[in-house]
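Take a look at the structure below.
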Amino acid sequence: MPVNQKPVMLQHNKVYTSTEGAILPSIPEQRSSEVIQNMSPLEVVDPHWYMDSFPHLPMALLCPQFTGICLQRLIIATANLPIIQHGGYWQLHPALIEAWARLENALYFVFKKLIAKTEVNLPLDMYLTRMPHTYRYRGKFISPKQARNRILRSHEAFLPLMAMVSFAIAVYPDHRPDPYSQAPWITYLRDQWNVHSVWLEAFAESCIARFDQAAYPRVGVFVDIAKLNSANILQILYRLKIPIWFCWGLPGCDPSRYQWEFIKDFYPHTMSPSAINVAQKEYLIPSINACRDDPDQFHIDSPPHIWLFR
1 MPVNQKPVML
11 QHNKVYTSTE
21 GAILPSIPEQ
31 RSSEVIQNMS
41 PLEVVDPHWY
51 MDSFPHLPMA
61 LLCPQFTGIC
71 LQRLIIATAN
81 LPIIQHGGYW
91 QLHPALIEAW
101 ARLENALYFV
111 FKKLIAKTEV
121 NLPLDMYLTR
131 MPHTYRYRGK
141 FISPKQARNR
151 ILRSHEAFLP
161 LMAMVSFAIA
171 VYPDHRPDPY
181 SQAPWITYLR
191 DQWNVHSVWL
201 EAFAESCIAR
211 FDQAAYPRVG
221 VFVDIAKLNS
231 ANILQILYRL
241 KIPIWFCWGL
251 PGCDPSRYQW
261 EFIKDFYPHT
271 MSPSAINVAQ
281 KEYLIPSINA
291 CRDDPDQFHI
301 DSPPHIWLFR
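Residue numbers are given in the UniProt record's numbering: position 135 of the sequence shown equals residue 135, and the series is strictly consecutive.
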């Protein structure tokens, strides 16, 4: 195969190319925005087909790392949650309730302020995923089992929220002549909104703000080219090296009718099933649940530090 040709893959009688070469993961079902809105948080951060309503979902972290002063409060032991009994009810430890609430408020604040400054034409029907507090980590429950279920679901809901913030950072205007200078979104939050420099420096080093696919892999997105209304968001994903799998439709259709410049490099060089003869590697993207079961990723040794705004 010529060097400039991308591998072409055939799956379920549909032709695919990808930013990831000949790697084609398990293909998800195409779902409506209403279905996604009602999914559990872990289902929300699985790979999906691109939808204008949820442009931030490709930013979801494949295996989040809760390190540093910002995110370490999310490190929990799923088998030994800090649940206490108080007044006949069961609840999350008050110190952790406060720490999670501060983080949730901070993440939503950052998202709201940065997304308001974007120069990208965002979809009019963009949905926000459910916030963690709506799963009631601050609540009191009649049994430890009920408390555990609500707390774990709330914990999982931080993952799509983190994807929202990553997306807001990605679409914030960045016209730096020197790419190694301080990111404009950091300067904006510090100077315009008085966000503490120590918190910002730590946040900028977290998995939310770093777009390094090798160190902090993100789930990426499948794109049905025939249903794509705009390539604005895809261009940003491509620039950040977020995985994209392009579906060009049935064999025999003409991909050249899609004229977005950056995807021309991914036109399939053939649409003939007999000519598509490449080594297709099928694999399942690891479930995020695998990370939740890793004691090195989810544990608490001491009450979390609280560093937010001054």
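No residue lacks a Cβ here, since even glycine has one placed at the ideal position from N, Cα and C.
Subject >> Pairwise C-alpha distance: Leu189 and residue 316 >> reply: For the chain, the structure presents residues 1 to 310; residue 316 sits outside this window and is missing.
**OP:** Could you name the residues of the same chain whose beta carbon sits closer than 7 Å to that of Pro123, not counting the 5 residues immediately before and after it, in chain order?
**Re:** Against the sequence shown, residue 123 aligns to sequence position 123. Same-chain partners within the cutoff: Asp52, Ser53 and Pro55.
Subject >> Residues near Glu104 by beta carbon distance below 8 Å, same chain, minus five either side >> reply: Here residue 104 corresponds to residue number 104 of the sequence shown, with the count starting at 1. Within the same chain, Glu104 has close Cβ partners Met131, Pro132, His133, Phe158 and Leu161.
Subject >> Supposed contact pair Ala204 and Ala170 - C-beta distance, whole angstroms, cut 8 Å >> reply: For the purposes of this step, residue 170 is taken as the residue at position 170 of the sequence shown. For the purposes of this step, residue 204 is taken as the residue at position 204 of the sequence shown. Incorrect: roughly 14 Å between the Cβ atoms, too far for contact.
Original post:
Which ranges would you report for the beta strand (DSSP E) in the region 194 to 234 if only whole runs of at least 3 residues count?
Top reply: 221 to 224
Subject >> Which of helix, strand or coil DSSP assigns to Gln280 >> reply: Translated into positions along the sequence shown, residue 280 becomes position 280. Any reading at Gln280 must be qualified, since the residue scores a pLDDT of 47, below 50, and its modelled position is unreliable; the value itself is stated next. DSSP places Gln280 in coil when its eight states are reduced to three.
Original post:
For Ser256, which residues from the same chain have a beta carbon less than 7 Å from its beta carbon, with the 5 sequence-adjacent residues on both sides left out?
Top reply: Locating residue 256 in the sequence shown gives position 256, counting from the first residue. So the list reads Tyr267, once near-sequence residues are dropped.
Subject >> Host beta strand (DSSP E) of Val15 (start-end) >> reply: Here residue 15 is taken as the residue at index 15 of the sequence shown, counted from 1. Taken as a continuous stretch (DSSP letters only), the beta strand (DSSP E) holding Val15 covers Lys14 to Ser18.
**OP:** State the start and end residues of the unbroken alpha helix (DSSP H) segment that holds Leu114.
**Re:** Residue numbering aside, residue 114 sits at position 114 when the sequence shown is read from its first letter. Per DSSP, Leu114 belongs to the alpha helix (DSSP H) from Pro94 to Ile115.
Subject >> For Ile36, the three-state DSSP class (helix, strand or coil) >> reply: Within the sequence shown, numbered from 1, the residue matching residue 36 stands at position 36. If DSSP states are grouped into helix, strand and coil, Ile36 belongs with the helices.
Original post:
What's the gap between the Cα of Cys63 and the Cα of Leu42?
Top reply: Against the sequence shown, residue 63 aligns to sequence position 63. Against the sequence shown, residue 42 aligns to sequence position 42. For Cys63 and Leu42, the distance between alpha carbons rounds to 11 Å.
**OP:** Can you give me the Cβ contacts of Ser40 inside the same chain, cut-off strictly under 8 Å, excluding the 5 residues immediately before and after it?
**Re:** By 1-based counting over the sequence shown, the position of residue 40 is 40. Arg153 and Glu156, listed in sequence order.
Subject >> Secondary structure of His155, DSSP reduced to three states >> reply: As a first step, residue 155 is located in the sequence shown; it is residue number 155 there, counting from the start. Three-state DSSP puts His155 in a helix.
Original post:
What are the start and end residues of the alpha helix (DSSP H) that includes Gly68?
Top reply: Residue 68 sits at position 68 when you count from the first residue of the sequence shown. From DSSP, the alpha helix (DSSP H) with Gly68 extends over Gly68 to Leu71.
Original post:
Do the region 5 to 20 and the region 243 to 250 make contact, defined as three or more Cβ pairs closer than 8 Å?
Top reply: The region 5 to 20 makes contact with the region 243 to 250: 3 or more CB pairs, one atom from each, lie closer than 8 Å.
Original post:
Trp185 by DSSP, collapsed to three states: which one?
Top reply: Within the sequence shown, the letter at position 185 stands for residue 185. Reduced to three states, the DSSP call for Trp185 is helix.
Subject >> Anticipated Cβ contact below 8 Å, Tyr127 with Gln37, distance rounded >> reply: Looking up residue 127 in the sequence shown gives position 127. Looking up residue 37 in the sequence shown gives position 37. Separation of the CB atoms of Tyr127 and Gln37 is rounded to 6 Å, and the pair is thereby assigned contact status at 8 Å.
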